[in-house]
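In the working numbering, the protein residues as written are 385 to 590. Just below is one structure, and these are the notes that go with it.
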């Protein structure tokens with residue numbers, strides 16, 4: 385019988401979308417074909433601690449999206465650079481069996497922004513989804529829109545305002561972009577790092 389592929393399901397995280405990630409992980413875990421794949425549940429709590437969860441109860445109050453939370457009573461683990469999927473168990477001081485591929489189900493910064501993707505590259509573990517550059521660019525609305533525009537793809541109108549610049553008048557923006565419009569931070573990474581703040585204002589194309 386062919387050996388099952390060990391899939392590391394990486395979920396939780398430090399972002400404000402932590403609970404959304406937990407719910408997404410539950411959906412992926414429930415849908416995974418057990419005849420082909422062996423799930424390995426790696427949760428990340430809100431402080432950034434990685435824990436190896438037991439399948440029997442890796443989430444608490446999982447049936448209530450408002451109360452869903454990660455089960456903290458599990459071993460702390462880490463991925464080591466060039467480990468080829470070996471998980472270092474920091475609680476039991478041993479190495480667990482290697483995983484074959486990681487399925488990152490992380491939302492927001494420290495998950496969708498290329499940071500985890502870079503770590504998985506260093507650990508030499510294949511993973512699902514976009515790579516480091518595409519993930520980082522996709523999380524920065526200003527960069528992403530410029531890349532799409534320069535590639536000749538149709539995008540919504542937008543305008544970026546950097547920290548320290550004079551904010552445009554509402555009437556000026558309406559005349560330039562039209563209504564409705566959305567005011568959003570271009571990248572949450574910059575907000576977390578407090579390096580700079582960019583506001584991207586855009587409307588969706590019809």
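Note that beta-carbon positions come from the ideal geometry of N, C-alpha and C, so glycine has one too. It should be emphasised that the depicted structure is a prediction, and the values quoted were computed from it without experimental measurement.
For residue 483, there is no enclosing alpha helix (DSSP H), as DSSP gives it neither H nor E.
For residue 516, the enclosing alpha helix (DSSP H) stretches over residues 516 to 523. According to the DSSP assignment, residue 387 belongs to no alpha helix (DSSP H), since it is labelled neither H nor E. The three-state secondary structure of residue 462, taken from DSSP, is strand. Rounded to the nearest angstrom, the Cβ distance from residue 520 to residue 498 is 4 Å, consistent with a contact under 8 Å. Contact annotation: the stretch 507 to 526 does not touch the stretch 410 to 424, with fewer than three C-beta pairs closer than 8 Å. Where residue 567 is concerned, the enclosing beta strand (DSSP E) starts and stops at 566 to 569.
With contacts defined as CB atoms closer than 8 Å, residue 570 and residue 526 qualify as a contacting pair.
Taking a cut-off of 8 Å for Cβ pairs, the stretch 444 to 458 and the stretch 400 to 412 touch, as three or more such pairs fall below it.
Per DSSP, residue 560 lies in no beta strand (DSSP E); the unbroken alpha helix (DSSP H) holding it starts and ends at 554 to 561.
Between the alpha carbons of residue 550 and residue 536 lies a gap of roughly 30 Å. The Cβ atoms of residue 487 and residue 545 do not sit closer than 8 Å to each other. For the pair residue 554 and residue 491, the Cα-to-Cα distance works out to about 32 Å. Residue 540 holds the alpha-carbon nearest to the alpha-carbon of residue 563 among 502, 540 and 446. Annotation: residue 567 to residue 425 spans about 36 Å, alpha carbon to alpha carbon.
Counting along the chain, the unbroken beta strand (DSSP E) around residue 436 starts and ends at 434 to 437. DSSP, read as helix, strand or coil, puts residue 400 in coil.
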